[in-house]
Amino acid sequence: MKKTLPFLLCLFFSLAAFGQAAADGIALIPQPVSVEKEAGSFTLPAKSVVLYGGDQPEIAGIASMLCSHLSTATGYSVSPKAGGSGSGGTIQLLLLPQEDKLLGQEGYRLAVGKKRVTISANRPAGLFYGVQTLRQLFPPAIESKDKVLQRSWTIPAVRITDYPRFAWRGLMFDVVRHFFTKEQVKQFIDEMVKYKYNLLHLHLTDDEGWRLEIKALPRLTEVGAWNVKKVGRFGYFSPPAPDEPRNYGGFFTHQDIRELVQYARERYVDILPEIETPGHSLAAIASYPELSCTPGAEKYRVRSGEEIMVWPESGHFYGLVDNTLCPANDKVYPFLDKVFTEVAQLFPFPYIHMGGDETARNFWETSPAIRELMQKEKLKDLNEVQSYFVKRVEKIIESKGKKLIGWDEILEGGLAPNAAVMSWRGVKGGIEAARMGHEVVMSPTTYVYLDYMQSDSAIEPPVYATLRLKKSYEFDPVPEGVDPKWIKGGQANLWTEQVYNMRHLQYMVWPRAFAVAECVWSPKESRNWGDFVRRVEKHFERNDAARIKYAPSLYDPTIRASRDASGQLLVDMENEVDGLTLHYSFDYSFPDPFYPEYTASIPVPKDASVMRIISCRNGKPIGRMITIPVTELQKRADRGKK
Ligand code: ACM
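Plus 236 on top of the position in the sequence shown (first one is 1) and you've got the working numbering.
Listed below in structure tokens is the structure:
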């Protein structure tokens, strides 16, 4: 008893604090550095003023955004007012007259008193993030785009001090595999900044399209931006017939990009442009076949989702067509010079991403031009050929006053002198680059690939890998033994092969991007999976109010199958969220909380064809009905046995 009493007391107080936070409705993502609950609450008056200090127009912009957030759902009159450093106003946005070292460039303090809310920061960015936190203190209905009839809009009194762990908090958006318009990119920015992301990596070119106007190279968008519209499972489509119209796609004009850069900047987001080289370049080759070293490239067309690369179970992947810019082709470098000249003029961000991943080299292996280049430049293998290419690209990018960043394959054959590395094949490449004194952004498939399935393949739209929410929440951009000064931050990537529209995009992004936001903003010590799940569920309500889709996959079990010594097929399941029960049937009927509950390995009845599963909480269904064929269970049990 002596030992258990302090433990029980501790548990009681932490549960009490947990319950208190829940009762107050405080559910912030990402979790701030410090939240001190105070007595009382603040109720937004029907006529409110957001008073902002300083005369910078950007602070006026932040104040107007806040007014618009608060007035839409409430129907109240919430208006901005320039107030120097004077007092008054219902909500105050103040730039601190003296630097508060703790807060840095993006931190803020938020004080909610009974009569007034004050947000203070060293820089406008900090005020902007304070505003995002303030939004989250209001009930979910504040996110509604329509007026909501609600008696009062009350938030708990609280003192928050907050600043980010990393300066690079990125999301990558692939606007190639499926094209998303300027307005949709703006919507994406609006959604990401609520969670304090500050970097939008736009993947602008690939085999399926070239999405950026390059005035000096008009065919890139006349030809390269268009393919055949296909629907179904990307990568498995039939090859387009010659007469099928190539009318799916689109691109951003210079004017579109200027507008997007400005829109992002007003929300403290930088845009990192990616021009994919030397692989994944079929759209460029289809537009300018002379950039290839492979005879017959003039017959190539922009890919429409048919198979063009092969990934054998073992051995190296290879291309069915040569989708690379040829490093041995002298026309390639002036081409890239023209491209990067315009990219550098359009995007103020100091880095340009040159891709560098997944270069199929089987055509290089047999190319006389590549062989000649290797002899001339004394390159001993194709890694060194790629490295030769990357180093030349770095010189071009640097000649435009920019820095090169690329996927971790750019390490192969020797890293270019000043290159930054985006580590995606796990964290290994990032560790290697950091040890060599290069900047690193961590973006490993294992934690942050938002295109992967979110739960069991029996229910998710099919993709070749799975990444569950809980795993994303374990992301740490700084692996052990690495000097953190080289790690700029972390980034989640949304590839869109299987993402056809904004609704599904949202489904893939949320809630995993909640998890990544917390991993790149909040102190590592504050991570708490159970409390995170509580907050995620509150943010589901916010998304519902904002009409933003999200995946309920955290309620789906992971389903495993095995056989016992007698060959009997058995099913086991695992939840990632505590407090759920799993109920099942084998008779085609729809299980509910009154059906048998999974507690131990379930033997599959001899003649059953399907198993159905539902997850429940407090005696009510909460998850989705999963139907899994017994043939699939057999496959899982017997995988790797033959
Ligand atoms: C990548 O996912 N191929 C960078």
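Ideal Cβ placement from N, Cα and C applies to all residues, glycine included.
message = Quick test of the definition: if touching needs 3 or more C-beta pairs under 8 Å, does the segment 474 to 485 touch the segment 547 to 564?
response = no
query = Taking just the CA atoms, how far does His437 sit from Thr489?
reply = Position 253 of the sequence shown, counted from the first residue, corresponds to residue 489. Position 201 of the sequence shown, counted from the first residue, corresponds to residue 437. Between Thr489 and His437, the C-alpha separation is close to 17 Å.
key: Close beta carbons around Glu868, own chain, < 7 Å, minus the five adjacent residues each side   = Taking the sequence shown and counting its residues from 1, one reaches residue 868 at position 632. For Glu868, where only same-chain residues beyond five positions count, the Cβ hits under 7 Å are Ala694.
inquiry  = By the three-class DSSP mapping on this structure, what secondary structure does His552 have?
reply    = Residue 552 sits at position 316 when you count from the first residue of the sequence shown. Residue state, collapsed to three classes: coil.
task = Name, in chain order, the residues that DSSP records as bridge partners for Lys856.
result = Residue mapping note: residue 856 aligns to position 620 of the sequence shown, counting from 1. Answer by DSSP bridge pairing, in chain order: Arg853.
request  = Ignoring anything shorter than 4 residues or poking outside the segment 743 to 779, list the alpha helix (DSSP H) runs there in chain order.
outcome  = Those alpha helix (DSSP H) runs which fall completely within the segment 743 to 779 and span 4+ residues are 748 to 757.
ask   = Can you find a heavy atom of the ligand ACM that lies under 6 Å from the Cβ of Trp660?
value = Position 424 of the sequence shown, counting from 1, holds the residue named residue 660. Yes, the ligand ACM has a heavy atom inside 6 Å of this Cβ.
query = Is it buried or exposed for Met672, if we count other Cβ within 10 angstroms and need 16 for buried?
reply = Taking the first residue of the sequence shown as position 1, residue 672 is located at position 436. Flag for Met672 reads exposed.
ask   = Taking buried to mean at least 16 other C-beta atoms within 10 Å of its own C-beta, is Gln334 buried or exposed?
value = Position 98 of the sequence shown, counting from 1, holds the residue named residue 334. Looking at its Cβ environment, which holds fewer than 16 other Cβ atoms inside 10 Å, Gln334 is exposed.
query = At what residue ranges does the segment 464 to 537 contain a whole run of the alpha helix (DSSP H), taking only runs of 4 or more?
reply = 490 to 502 and 518 to 523
ask   = If you run the structure through DSSP and keep just helix, strand and coil, what is Ser315?
value = Position 79 of the sequence shown, counting from 1, holds the residue named residue 315. Reduced to three states, the DSSP call for Ser315 is strand.
Complete runs of the alpha helix (DSSP H) confined to the segment 584 to 620 [at least 4 residues] = The alpha helix (DSSP H) runs lying completely inside the segment 584 to 620 and spanning 4 residues or more are 598 to 601 and 604 to 613, given in chain order.
ask   = Do you know whose CA, among Leu686, Val718, Trp722 and Pro715, lies nearest Leu705's CA?
value = As a working note, residue 705 is residue 469 in the sequence shown. For Leu705, the nearest C-alpha among the options comes from Leu686.
Glu349 (DSSP reduced to helix, strand or coil) = As a working note, residue 349 is residue 113 in the sequence shown. Residue 349 is actually Gly in this sequence, not Glu. Correct three-state label for Gly349: coil.
query = Distance, Cα to Cα, Phe826 vs Arg796?
reply = Along the sequence shown, read from residue 1 onward, the residue named residue 826 stands at position 590. Along the sequence shown, read from residue 1 onward, the residue named residue 796 stands at position 560. About 20 Å.
task = Could you check which residue in Tyr365, Val579 and Pro829 has the C-alpha nearest to that of Tyr344?
result = Within the sequence shown, numbered from 1, the residue matching residue 344 stands at position 108. Cα-wise, what sits closest to Tyr344 is Tyr365.
message = Pop quiz: Ile850 and Val807 are said to be a contact at Cβ under 8 Å. What is the actual Cβ separation, rounded to whole angstroms?
response = As a position in the sequence shown, residue 850 is number 614, starting the count at 1. As a position in the sequence shown, residue 807 is number 571, starting the count at 1. For Ile850 against Val807, the beta-carbon gap comes to about 14 Å, at or over 8 Å, which does not count as contact.
query = Cβ of Trp643 within 6 Å of any heavy atom in the ligand ATP?
reply = The ligand ATP is not among the ligands present in this structure, which contains only the ligand ACM.
message = Only counting the same chain, and skipping five residues up and downstream in sequence, which positions put a Cβ closer than 8 Å to that of Val429?
response = Taking the first residue of the sequence shown as 1, we reach residue 429 at position 193. Contacts found: Phe364, Gln368, Arg503, Tyr504 and Val505.
task = Within 10 angstroms of the Cβ of Asp398, are there 16 or more other Cβ atoms? Answer buried if so, exposed if not.
result = Translated into positions along the sequence shown, residue 398 becomes position 162. Counting Cβ neighbours within 10 Å, Asp398 comes out buried, since at least 16 surround it.
ask   = Taking the C-alpha atoms as reference points, what is the distance between Gln498 and Lys639?
value = Counted from its first residue, the sequence shown places residue 498 at position 262. Counted from its first residue, the sequence shown places residue 639 at position 403. Computed Cα separation, rounded: 21 Å.
Extent of the continuous beta strand (DSSP E) run through Arg872 = As a working mapping, residue 872 is identified with position 636 in the sequence shown. Segment Val866 to Asp874 is the alpha helix (DSSP H) holding Arg872; no beta strand (DSSP E) there.
ask   = Between Ile588, His439, Gly591 and Leu618, which lies nearest to Glu601 when the distance is taken from Cα to Cα?
value = On the sequence shown, residue 601 is found 365 positions in, with the first residue counted as 1. Among Ile588, His439, Gly591 and Leu618, the Cα nearest to that of Glu601 belongs to Leu618.
request  = Could you check what DSSP says for Trp722 in three-state terms: helix, strand or coil?
outcome  = Stepping through the sequence shown from its first residue, residue 722 is reached at position 486. The answer is helix: DSSP assigns Trp722 an H, G or I state.
ask   = Within 10 angstroms of its Cβ, does Ala259 collect 16 or more other Cβ (buried), or is it exposed?
value = Sequence index remark: in the sequence shown, residue 259 carries index 23 (1-based). For Ala259, the predicted model reports a pLDDT of 48, less than 50, meaning its position is unreliable; a value from the coordinates is still stated below. So Ala259 counts as exposed.
task = Would you mind reading off the limits of the beta strand (DSSP E) that contains Glu810?
result = Residue mapping note: residue 810 aligns to position 574 of the sequence shown, counting from 1. Glu810 -> beta strand (DSSP E) spans Leu805 to Glu810.
message = On a Cα-Cα basis, can you pick out the residue from Phe416, Ala309 and Gln690 that is closest to Ala787?
response = Taking the first residue of the sequence shown as position 1, residue 787 is located at position 551. When each option's Cα is compared against that of Ala787, the closest is Gln690.
request  = Assign Val657 to one of three DSSP states: helix, strand, or coil.
outcome  = Start at 1 with the first residue of the sequence shown, and residue 657 comes out as number 421. Strand, per DSSP.
ask   = With 16 other CB atoms within 10 Å as the buried threshold, where does Arg783 fall?
value = Locating residue 783 in the sequence shown gives position 547, where the first residue counts as 1. Its Cβ having fewer than 16 others within 10 Å, Arg783 is exposed.
Exposure of Thr794, with buried meaning 16 or more beta-carbon neighbours within 10 Å = Here the question's residue 794 lines up with position 558 in the sequence shown. It is exposed - the Cβ of Thr794 has fewer than 16 other Cβ atoms within 10 Å.
ask   = For Gln727, which three-state DSSP category applies?
value = In the sequence shown, counting from the first residue as 1, residue 727 sits at position 491. Note: Gln727 maps to strand in three-state DSSP.
task = Identify whether Thr863 lies in helix, strand or coil by the three-state DSSP scheme.
result = Here residue 863 is taken as the residue at index 627 of the sequence shown, counted from 1. Three-state DSSP puts Thr863 in a strand.
query = So what does DSSP say about Pro570, is it helix, strand or coil?
reply = Mapped onto the sequence shown, residue 570 falls at position 334. It is helical.
ask   = When the Cα atoms are used, what is the spatial distance from Phe750 to Ala781?
value = Your numbering for residue 750 matches position 514 in the sequence shown. Your numbering for residue 781 matches position 545 in the sequence shown. Rounded to whole angstroms, Phe750 to Ala781 spans 17 Å at the Cα level.
message = At a cut-off of 6 Å, would you count Asp593 as near the ligand ACM, judging by its Cβ distance to the nearest heavy atom?
response = Along the sequence shown, one-based indexing puts residue 593 at 357. Yes, the ligand ACM has a heavy atom inside 6 Å of this Cβ.
message = Please report the straight-line C-alpha distance between Leu339 and Tyr624, rounded to a whole angstrom.
response = Within the sequence shown, residue 339 is the residue found at index 103, counting from 1. Within the sequence shown, residue 624 is the residue found at index 388, counting from 1. Leu339 and Tyr624: Cα-Cα distance of roughly 43 Å.
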